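With positions in the sequence shown counted from 1, the corresponding number in this note's numbering is that position plus 12.
Every residue gets a Cβ at the ideal spot worked out from N, C-alpha and C, and that includes glycine.
Please read all numbers here as calculations on a predicted model, not as lab measurements.
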Amino acid sequence: MTLHALTASEVQRRIQANTLTLEEYVAALLARHQARDHDVRAWAYLDPETATESARRLDRLAPEERGSLHGFVIGVKDVINTKDFPTRHNSSYHAQDGAQIDASTVAILRANGALIMGKTTTAEFAAASTGPGTKNPHDLTRSPGGSSSGSGAAVADLQVPIGLGTQTIGSIARPASFNGVYGFKPTWNAISSEGQKTSAPTLDTFGFMSRSVEDLQALADVFALRDDVVPERVQLSSARFALVRSPAWSQAGPGTIAAMERGAQILREAGATVDEVDLPSDFDDILTHQGRIMDAEAGVAFFKEYSTARAHLSDKLQDLAAKVHTSSKKEFVQALDKVASLRPRIDEIADGYTAIITPSAVDVAPVGPEWTGNSILNGIWTALHVPVLNVPGFQGEGDMPVGLSLVTSRYRDQHLLQVAAAVGPLFEAKGGWKSRL
């Protein structure tokens with residue numbers, strides 16, 4: 013296997029065995045970037061000299077001085093502050109800005125030995141539906157999704173093993189599905205959002221993309237994601253899954269419909285029980301409530317930019333910011349209360365199963381990189397604050413990847429990772445899609 017195709021955990025093991033240096037690995041990633049990113053355009057900022065010097069500095073550390081993430085190289089979505097790289101949010105409003113301090117997440121990663129490679133592209137302020145010009149590496153005519161466009165594309169294209177993302181509706185799960193990688197949105201507020209731009213604070217959640225569950229597990233441990241009960245290894249022969257199509261299932265395309273059917277079949281063949289579950293009617297209007305929450309909170313989140321330099325904002329962002337003047341506060345409060353009342357109910361449903369299986373996207377990545385895709389099948393889970401993990405492996409139209417999401421109740425993130433560790437290899441082996449990159 014070529015060096016740039018290794019997962020972060022595989023790199024770490026080679027470094028520990030003294031068969032690879034971090035500088036050698038970073039050189040392989042930079043060569044991949046040089047060969048590919050003029051087409052894929054996954055990076056908002058990457059300085060090869062800085063990356064190389066960071067690798068050399070980490071290589072010089074004695075083994076006992078190295079952190080638990082030594083060997084992990086990470087791309088950071090460009091709405092998350094980094095003290096040594098510009099944070100521009102894909103907006104001319106921040107063209108000259110540079111954060112003087114790392115976001116909480118970046119600081120924790122560095123403190124544990126990770127190397128921050130650079131900044132990956134994002135839709136404008138992680139809120140616009142128009143993409144940043146990034147291409148899907150599996151088909152350059154298609155969208156990589158968004159708003160975490162660059163992280164999904166860079167991880168899929170083997171330019172970096174891990175990308176950081178944020179999700180307001182479907183900005184981790186959807187690009188993970190479109191690009192054929194793992195995408196993990198933990199329980200809302202389980203990881204601090206300090207130092208990242210949020211457009212809807214009661215929805216926005218920090219998360220990760222990678223090419224292995226093992227890498228996600230290492231990251232979860234560093235961020236102290238902890239269940240009240242230490243999860244056991246999942247045995248599929250005794251597992252029970254709930255197949256939940258969500259209130260907007262009518263918009264699912266053939267790739268997602270086939271993936272749900274094939275995923276259920278694979279699990280049943282492995283001995284698991286898979287029940288088709290319809291959510292109670294109280295969930296029917298949750299997407300309306302989620303939209304009202306986002307509109308009201310985005311109006312506040314972007315009011316500074318709207319008030320001081322609205323000409324730097326796209327029409328979409330101007331419209332969002334203007335909602336501070338027009339959104340109904342009564343409807344906003346009603347939406348908050350209604351969604352809050354549904355969270356313990358979804359917890360109860362989820363706790364009756366090993367995990368919920370649900371779509372990650374309406375279908376394969378759409379043609380036209382300028383659109384990040386439809387997030388309507390994601391919003392319910394983000395609003396409910398539950399952890400969500402996209403698992404790749406299925407194939408749709410044009411030989412493009414399709415993923416499915418695993419969901420558990422709130423603060424069962426470690427259990428969700430155990431489920432993904434059992435399900436992921438099966439879906440990748442039997443789902444029908446293989447990356448050709």
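Query                                                                                                                                                          : Result
Among residues of its own chain, excluding the 5 on either side of Ile358, which ones have a beta-carbon nearer than 6 Å to its beta-carbon?                   : Leu396
So what does Gln112 bridge to, in DSSP terms?                                                                                                                  : DSSP, once it has assigned bridges, lists no residue as partnering Gln112.
Nearest to Ala54 by CA position, among Ser319, Gly162, Thr199, is which residue?                                                                               : Gly162
Could you pull out every residue in the same chain whose Cβ sits closer than 6 Å to the Cβ of Tyr37, ignoring the five residues on either side in sequence?    : Leu15, Val23
From Ser211 to Ser103, what distance separates their C-alpha atoms?                                                                                            : 14 Å
Taking the continuous beta strand (DSSP E) assigned at Phe439, which residues delimit it?                                                                      : Looking at the DSSP string, Phe439 is not in any beta strand (DSSP E); the run it does join, the alpha helix (DSSP H), is 425 to 442.
My guess is that Gly87 and Gly130 are in contact by the Cβ rule of under 8 Å, so how many angstroms apart are they, rounded?                                   : 6 Å
For Arg78, which residues of its own chain have a beta-carbon under 7 Å away from its beta-carbon, when the five flanking residues on both sides are left out? : Gly125
By alpha-carbon positions, which one of Gly311, Phe439, Lys89, Ala74 ends up nearest to Leu58?                                                                 : Lys89
Is the separation between the beta-carbon of Leu215 and that of Thr268 shorter than 9 Å?                                                                       : no
Could you tell me how far apart the beta carbons of Val400 and Val376 are, in whole angstroms, since I believe they sit closer than 8 Å?                       : Not a contact, Cβ separation roughly 19 Å.
Candidates Asn30, Ile388, Met13: which alpha carbon is nearest Trp261's?                                                                                       : Ile388
Would a C-beta distance cut-off of 9 Å place Leu127 and Ala56 closer than the cut-off?                                                                         : no
Could you check which residue in Thr300, Ala323, Ala333 has the C-alpha nearest to that of Phe314?                                                             : Ala333
Identify every residue that forms a DSSP beta bridge with Trp55.                                                                                               : Thr132
How is the alpha helix (DSSP H) around Gly175 delimited, first residue to last?                                                                                : Premise fails: Gly175 lies in the beta strand (DSSP E), 174 to 179, not in any alpha helix (DSSP H).
Are Thr366 and Trp393 closer than 9 Å when you measure CB to CB?                                                                                               : no
When DSSP labels each residue in this structure, what does Tyr365 get in the three-state scheme?                                                               : coil
Counting pairs of Cβ atoms below 8 Å between the segment 376 to 386 and the segment 317 to 335, do you hit three or more?                                      : no
Using the beta-carbon count (16 or more within 10 Å), is Asp290 buried or exposed?                                                                             : exposed
Here's the rule: buried if 16 or more other CB atoms are within 10 angstroms of the residue's CB, otherwise exposed. What is Leu73?                            : exposed
Within 10 angstroms of the Cβ of Met13, are there 16 or more other Cβ atoms? Answer buried if so, exposed if not.                                              : exposed
So what does DSSP say about Leu325, is it helix, strand or coil?                                                                                               : coil
For my contact list, Phe220 and Phe190 are in at a C-beta cut-off of 8 Å; report their separation, rounded to the angstrom.                                    : At roughly 16 Å, the Cβ-Cβ gap does not stay under 8 Å, so Phe220 and Phe190 are not in contact.
Does the segment 172 to 186 come close enough to the segment 222 to 229 to have 3 or more Cβ pairs within less than 8 Å?                                       : yes
Which value, in whole angstroms, describes the spacing of the CA atoms of Glu273 and Pro266?                                                                   : 11 Å
In the segment 160 to 218, which residue ranges form an unbroken alpha helix (DSSP H) of at least 4 residues, counting only runs that do not cross its ends?   : 161 to 168, 185 to 191
Check this for me: beta carbons of Gln407 and Pro243, under 9 Å apart or not?                                                                                  : no
Can you tell me the Cα-Cα spacing of Thr132 and Arg100, whole angstroms?                                                                                       : 11 Å
In terms of alpha-carbon separation, which member of Val286, Ser447, Val91 lies closest to Ser183?                                                             : Val91
Just confirm the distance between the C-beta atoms of Ser155 and Pro292, as a whole number of angstroms; I'd bet it's less than 8 Å.                           : About 34 Å separates the two Cβ atoms, so there is no contact after all.
Alpha helix (DSSP H) containing Arg25: first to last residue?                                                                                                  : 20 to 28
Does the distance from the CB of Gly157 to the CB of Ala188 come in under 9 Å?                                                                                 : yes
My parser needs the alpha helix (DSSP H) runs of 4 or more residues fully inside the segment 262 to 345; what are they?                                        : 266 to 281, 298 to 313, 315 to 321, 327 to 338
Tell me whether the beta-carbon of Thr19 lies closer than 9 Å to the beta-carbon of Glu226.                                                                    : yes
Between which two residues does the alpha helix (DSSP H) harbouring Pro60 extend?                                                                              : 60 to 71
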